[in-house]
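S.K.:
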Amino acid sequence: GIQVEQSPPDLILQEGANSTLRCNFSDSVNNLQWFHQNPWGQLINLFYIPSGTKQNGRLSATTVATERYSLLYISSSQTTDSGVYFCAVESADSSYKLIFGSGTRLLVRP
Amino acid sequence: DTGVSQNPRHKITKRGQNVTFRCDPISEHNRLYWYRQTLGQGPEFLTYFQNEAQLEKSRLLSDRFSAERPKGSFSTLEIQRTEQGDSAMYLCASSYAGTGLSEQYFGPGTRLTVT
């Protein structure tokens with residue numbers, strides 16, 4: 086089945102810094118989503134981005150489907166950005182389930 | 772517009788007991804998914820429904836697990852004869868199939884602890 090790898094696994098930033106999180110996937114996808122999991126376990130939708138570039142405030146994401154990767158950019162990080170960021174893909178094999186990476190654990194220090 | 776809701780939020784049970792979780796999807800969504808997440812890992816797919824039909828089950832879903840979605844609305848996930856290895860966060864998600872977009876939205880999860 087499709088493999089999803091995220092990097093880096095852990096990231097520590099000083100408040101105000103910028104960061105880039107990467108998601109590589111091993112096969113064609115119909116859907117790619119980025120999530121932020123808060124300390125209570127809730128998965129919060131950040132982007133639905135099977136291809137192209139989207140921006141939402143300080144966050145933006147780019148997926149290059151032909152090269153099988155996606156990037157999540159966080160600018161001017163805040164302590165509330167801390168948590169785990171997951172990339173999840175829906176394989177193009179007509180299965181609708183999401184396959185998740187193992188996440189990037191981000192800690193933003195004040 | 773309410774999101775996906777799950778009940779209970781927490782469940783502590785003794786090994787060997789049966790437990791049942793409920794998920795209420797976003798009202799216009801016709802697909803409903805169950806995932807399981809253990810500590811330090813990403814969520815793993817268990818099963819999904821389109822309307823009332825259960826269309827796919829993961830090999831993670833042993834015969835002690837059963838899921839239903841009567842009338843294509845809410846869903847229940849039952850675990851029989853719980854084991855300590857069943858301790859995890861159980862997440863429900865829903866999406867709308869029909870426009871080509873299939874963005875999934877997740878509920879807050881049910882955290883199960885088997886003692």
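Residue numbers (this note's numbering), protein chains in the order written: chain A, 86 to 195; chain B, 772 to 886.
Every residue gets a Cβ at the ideal spot worked out from N, C-alpha and C, and that includes glycine.
Determine the burial state of Gln91 of chain A: buried for a count of at least 16 other Cβ atoms within 10 Å of its Cβ, exposed for fewer.
M.R.: With 16 or more Cβ atoms within 10 Å of its Cβ, Gln91 of chain A is classed as buried.
S.K.: When the cut-off is 8 Å and only beta carbons count, does Asn116 of chain A lie next to chain B?
M.R.: Yes, because at least one Cβ of chain B sits closer than 8 Å to the Cβ of Asn116 of chain A.
S.K.: Reducing DSSP to helix, strand and coil, say where Glu799 of chain B ends up.
M.R.: Coil.
S.K.: Of the choices B:Ala824, B:Glu854 and B:Phe845, whose alpha-carbon is the least far from that of Phe836 of chain B?
M.R.: Out of B:Ala824, B:Glu854 and B:Phe845, B:Glu854 has the C-alpha closest to the C-alpha of Phe836 of chain B.
S.K.: Taking the continuous beta strand (DSSP E) assigned at Thr138 of chain A, which residues delimit it?
M.R.: Thr138 of chain A -> beta strand (DSSP E) spans Gly137 to Asn141.
S.K.: For Ala150 of chain A, does the three-state DSSP call read helix, strand or coil?
M.R.: Note: Ala150 of chain A maps to helix in three-state DSSP.
S.K.: With which residues is Glu874 of chain B paired in a DSSP beta bridge?
M.R.: Answer is none; Glu874 of chain B lacks a bridge partner.
S.K.: The beta strand (DSSP E) spanning Glu90 of chain A covers which residue range?
M.R.: Element bounds for Glu90 of chain A: Val89 to Ser92.
S.K.: Give the single residue among A:Asn103, A:Leu96 and A:Asn116 whose Cα lies nearest to the Cα of Tyr42 of chain A.
M.R.: Here chain A has residues from 86 to 195 only, and residue 42 of chain A is not among them.
S.K.: Taking Cβ to Cβ, would you say Gln875 of chain B is nearer than 8 Å to Gln118 of chain A?
M.R.: Against a cut-off of 8 Å, the Cβ pair of Gln118 of chain A and Gln875 of chain B comes out as a contact.
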